[in-house]
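In the numbering used here, the protein residues as written are 717 to 899. Comments concern the structure below.
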């Protein structure tokens, strides 16, 4: 009886510590589930196998929404864990102790299921293009525009030919002076 009381006390103390963290936002419905998981964890650490669930893999997770409904809006993705909209699921999954792969596996989603809302991704893509990310070093916006538009044939092709053929020079091997070379 004392070991059962000890595990309950430890689980309660852990739950109180978790709830006293100002960064933890939770509803009243989540507290009993967290307390139960803490009790199972403490019991498993203490060697009390009866208190731990028989098979953790047999736990069935029911999604809060369907996969189609979670992706219905371009502005947000609805979480299958709690049914709330998010622009990006990364932080939400981390706070629930999941990786994107585990989340996809838990709810039977395809590997290409997005973790970011479509509009958010598009805004980030436009911002990256605007500041010049994704181009090779030394490539300017003008060079990119010239590469996409066909060049008009010029009669003065000779001056532009060396500029087009200019390839980066191979690096020179440096000679290191050895004591025998110095003599």
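Ideal placement from N, C-alpha and C gives every residue a C-beta, glycine not left out. Treat the numbers as computed from the prediction; the structure is a model and nothing was measured.
By the DSSP assignment, the alpha helix (DSSP H) with residue 839 in it spans what residues?
834-847
Can you say whether residue 736 is buried or exposed, counting buried as having 16 or more other CB atoms within 10 angstroms of its CB?
exposed
Could you tell me whether the Cβ atoms of residue 843 and residue 806 are closer together than 8 Å?
no
Under a CB-based cut-off of 8 Å, is residue 805 close to chain C?
No chain C appears in the structure shown, which is made up of a single protein chain.
Between the CA atoms of residue 808 and residue 819 - distance to the nearest angstrom
11 Å
Measure the C-alpha to C-alpha separation of residue 746 and residue 798 and round it to an integer number of angstroms.
10 Å
Considering residue 779, what are the terminal residues of the alpha helix (DSSP H) in which it resides?
Looking at the DSSP string, residue 779 is not in any alpha helix (DSSP H), and its letter there is neither H nor E.
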